[in-house]
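Have a look at the structure below before the remarks.
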Amino acid sequence: MMAPMFVLLLAACPGPIDSKTPDLPDPDTGDPDTGEEVTVLEHCGLVQADEVWRASRPHRVTCDVTIERGTLTIEPGTAVTFDERAGLAVGTGDYEASLAIDGTTDGVVFSRSGDQDWDGVVIGANAEAVSISGLSVRGTANGVRIDGAEVTIGSLAIDGASEGCGFTLEEGARLADGATGLTVTGAATWSVCAEVASADSLPAAASSYTGNTTDGVYLVGDEISRAVTWEDLGVPYVIAEVVDVAGTAGEPAVFTIGAGVEVLLDRDRGFRFSRSGDASAFYVEGTAEAPVRFASLGADTAGFWRGLSASVGTGDFSLRNVQLSGGGGDGGTLQSEDVDVYLEQVSIERSAGAAVRLEGEAAFVAGSVGLVVRESEVPVTLAASAVPSLPSSGLAFSDNEIDAIQVAGGSKVGDSGTWSDLGLPYWVVDDVEIDGTAEAPAVVTFAPGVALLFDNDAKILVGKTGAAGLRVEGTSSLPVTMLPWSANTPGAWGGIGVYDAAVDADVLIEHAEIGYGGGASLRGNIHAVDSAPTLRQVHLHSSLEWGLYLSDAVPVVDGVTYADNTSGDCNECP
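Quick note: the sequence shown uses numbering that gives the first Met the number 0, first residue 0, plus one each step.
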């Protein structure tokens, strides 16, 4: 590291602690047009007052130069060479100091004086108002490092960092707003090493980060607590830690990722939004021409990285034109608890767990469209109350371990909605309890062609504690089916329970097949208590007890057929 090296080299430097060799002529007295031999100005040690390095003479740094106080100004056209392991530092001590380089009209060049690399440039936390434009830094060991300062950059080209990253931001360092023209090439490791909270200060305009051993922005740090936007830099952002995104109610951490950005995540890494309830928001703004991509830094296998997860406190959670691969190590690639999610043209491949996992009251935002899931464990897991929010168009689920929509969480359904036929069965893991209010009964509709497969003991309960309805609207060509998820054995699942709070006019089951129920405290495929459901063209079969069980119930029955029910077809039917 540079700081220890400074101590050693400064101790070895002869003469007083002034950056210019004392017996050299004043840099202002030379005239490069006279034809006389140009004297090289040598520098070594501390700069303790304002100083100017002029273009009229070449400059050579023979040991570390540290700007301890004052401002070092380097004029346009100045050439500075550095001896082996020498470097330039500003603001690394206890006092404020500054560096001003303006090579806009005629570039400033820092290069090595011989065949061996010089150390590089370090800008420390006590550097104030550092401004660099038109600077070319060549042949270093460690490139340019900024530690804890904010620096203005107009044009900075770094060519060669033989021992590390070409450009480094650490200890809270940032580039000032409006930075432009950062070029990094020839680094031994990554193009840029930075903290995740400062990555947004890296410029895309007139910048390039390619031609290094590993092209990318390697990010450490575990928190983003302010509003940030990541632009497409032409190389990936590499996530080395689990990152929590959370600000305050007054200043939420709004994280925006622009079109074309690629994010690579190391093993078991991911992003968590508002994990502790603090305020955040997430916008991924890809386009059809330039989608945003999240993938693994390593093997593209399911569950390599954790995923993107939102908790209460997250405002918008919106992804447009996004490709995600290799996530789900924490149970799902996209996870949300009690936070609605907007998806538009999102593709997820090789996810462990659910590609999309919505828990609690989370649902899809209206207008969501286009979700493709391939080679994952299960495409979507969500609560029964969120099923009607599933996008109705642009869904394509294929080659998954389980090609079904998993309905889990045991939440009550308190609002009306329709379960559409999306081309896959609904895998119902927990009870679906439909209970609204007298003012707003909850009526769930199963559209024609819907297939439901129920886990052991799962059941549908209608109107047990609040006004509710269930409309099973199959047709002769597209019947609704309700069968077990696993083995076709009597009592494999509960069945449908219709209770006294059900709104009779809104309990209609027609053109449906219901089989292998009668378990989990229900005594038939349909178990009606003090209610009057309407059943038309329904086939009830293979119940553990009755095909249709009635307790003080008066159903309207038309075209109902029965087969292989253990206790019989109907216990009280007329």
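Glycine is no exception: its CB is placed at the ideal position from the N, C-alpha and C atoms.
Given the structure is predicted, the values throughout are model-derived calculations rather than measurements.
With 16 or more neighbouring CB atoms inside 10 Å of its own CB, Asn211 falls in the buried class. Secondary-structure assignment with DSSP links Phe166 through a beta bridge to Val143 and Val191. Spatial neighbours of Ser346 in its own chain (CB-CB distance under 6 Å, excluding positions within 5 residues in sequence) are listed in chain order as Gln322 and Val371. With 16 or more other Cβ atoms inside 10 Å of its own Cβ, Ala294 counts as buried. As computed with DSSP, Ser295 is found in a beta bridge with Leu264. Fully enclosed beta strand (DSSP E) runs of no fewer than 3 residues occupy 306 to 309, 313 to 324, 331 to 336, 341 to 348 and 353 to 358 of the stretch 300 to 366, in order along the chain.
Taking all protein chains in view, the Cβ of Thr565 is surrounded by fewer than 16 other Cβ atoms within 10 Å, so the residue is classified as exposed. Annotation for Thr104: Pro75 place their beta carbon closer than 7 Å to its own, counting only its chain and skipping 5 residues before and after.
By the 16-neighbour rule on beta-carbons within 10 angstroms, Gly259 is buried. The residue from Thr474, Asp118 and Leu460 with its alpha-carbon nearest to that of Gly496 is Leu460. Taking C-beta separations shorter than 6 Å and ignoring five residues to either side along the sequence, the partners of Asn125 in its chain run Gly90 and Glu95, following chain order. With fewer than 16 other beta carbons inside 10 angstroms of its own, Ala365 counts as exposed.
In the three-state scheme derived from DSSP, where H, G and I count as helix and E and B as strand, Ala96 is classed as strand. Exclusion of the five residues before and after Ile100 leaves Ile73, Val107, Ile131 and Leu134 as the residues of its chain whose Cβ lies within less than 6 Å of its Cβ.
The Cβ neighbour count for Asp563, taken over all protein chains shown within 10 Å, is under 16; the residue is labelled exposed. In the displayed model, Pro483 falls within a strand according to three-state DSSP. Per the C-alpha coordinates, the member of Pro290, Gly249 and Ser275 positioned closest to Gly257 is Pro290.
About 6 Å separates the beta carbon of Tyr208 from that of Gly233, a gap short enough to meet the 8 Å contact definition. Assigned with DSSP and collapsed to three states, Pro387 falls in helix. Glu438 is not a Cβ neighbour of Gly473, given a cutoff of 9 Å.
The alpha carbon of Val237 has as its nearest neighbour, out of Ser273, Gln47, Trp418 and Val195, the alpha carbon of Val195.
When the alpha-carbon of Asp82 is set against those of Val64, Val60 and Trp229, the nearest one is in Val60. Listed in chain order, the non-local C-beta contacts of Gly302 below 6 Å within the same chain comprise Gly327, Gly328 and Ala351, local neighbours out to five positions each way being set aside.
Spatial neighbours of Asp214 in its own chain (CB-CB distance under 7 Å, excluding positions within 5 residues in sequence) are listed in chain order as Ser190, Tyr208 and Val234. With fewer than 16 other Cβ atoms inside 10 Å of its own Cβ, Thr560 counts as exposed. Comparing alpha-carbon positions, the option among Val386, Ala278 and Glu400 lying closest to Ser375 turns out to be Glu400. Under the DSSP assignment, Ser397 falls in the beta strand (DSSP E) whose first and last residues are Leu394 to Ser397. Taking 8 Å as the upper bound for CB-CB distance, Thr182 and Ala160 are not in contact here, some 13 Å apart. Residue state for Asp118 is assigned as coil, using DSSP reduced to three classes. Rounded to whole angstroms, the gap between the alpha carbons of Ala48 and Thr179 is 30 Å.
Within the stretch 212 to 258, complete beta strand (DSSP E) segments of at least 3 residues are found at 213 to 219, 227 to 229, 236 to 238, 242 to 244 and 252 to 256, given in chain order. Residue nearest to Leu333 within the set Arg144, Ser324, Arg356 and Gly413 is Arg356 (criterion: CA-CA distance). Its Cα nearest to that of Thr70, the residue Ala88 stands out among Thr77, Arg56, Ala78 and Ala88.
Annotation: Gln47 is outside any beta strand (DSSP E) and is labelled neither H nor E by DSSP. Look at Ala160 here: in three-state DSSP terms it is strand.
From the listed residues Arg470, Ser392, Val428 and Thr188, the smallest Cα separation to Ile404 is found for Val428.
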